[in-house]
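The structure appears right after this line, and notes come after that.
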Amino acid sequence: MPDWKDLDFDSIADREAEETDNELASKISSLTRMTDEEVKELFPKYSDAEKLKRLMEIVKSADERNTKINNIVANIEELGGTVLTLVSKFI
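Quick note, this note's numbering runs 189 ahead of the 1-based positions in the sequence shown.
Written as structure tokens, this is what we have:
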């Protein structure tokens, strides 16, 4: 059994974070027209990808258009950067 003092926790954490980022990008890209690489390029941080996921949940919900708009407006401080990133990609 290895001594816990010999473990490189930073390396382990970095590797696991990268795997999580890759998995999240893959799931997001499967729901959009973007590739995994585009998702990771536009939203490199896990927290950014989580905000994109939240925005997509609102947009893809079965709610009426006005309800979706109201949900986005209610969460604009959290989702504003995500909206700007997406719109910038298409302009």
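The beta carbon of each residue, even a glycine, is placed where N, CA and C say it ideally should be. Keep in mind that this is a model prediction, so the values were computed, not measured.
Residue j beta carbon less than 7 Å from that of residue i
i	j	result
T271	L244	yes
K240	L268	yes
C-alpha gap between residue i and residue j, whole angstroms
i	j	result
D237	R254	24 Å
L197	S277	At residue 197 the sequence reads Asp, which differs from the Leu that was named. Taking the straight line joining both Cα atoms gives about 39 Å.
D199	E205	10 Å
P233	A251	29 Å
E230	E212	14 Å
E207	F279	27 Å
Any chain C beta carbon closer than 7 Å to residue i
i	result
K229	The displayed structure is made up of one protein chain only, and chain C is not part of it.
- For the segment 237-265, which segments carrying the alpha helix (DSSP H) assignment without a break, of at least 4 residues, lie completely within its bounds, in sequence order? 254-263
- Query: Does the segment 260-276 come within contact of the segment 234-250, defined as at least 3 CB pairs closer than 8 Å?
  - Reply: yes
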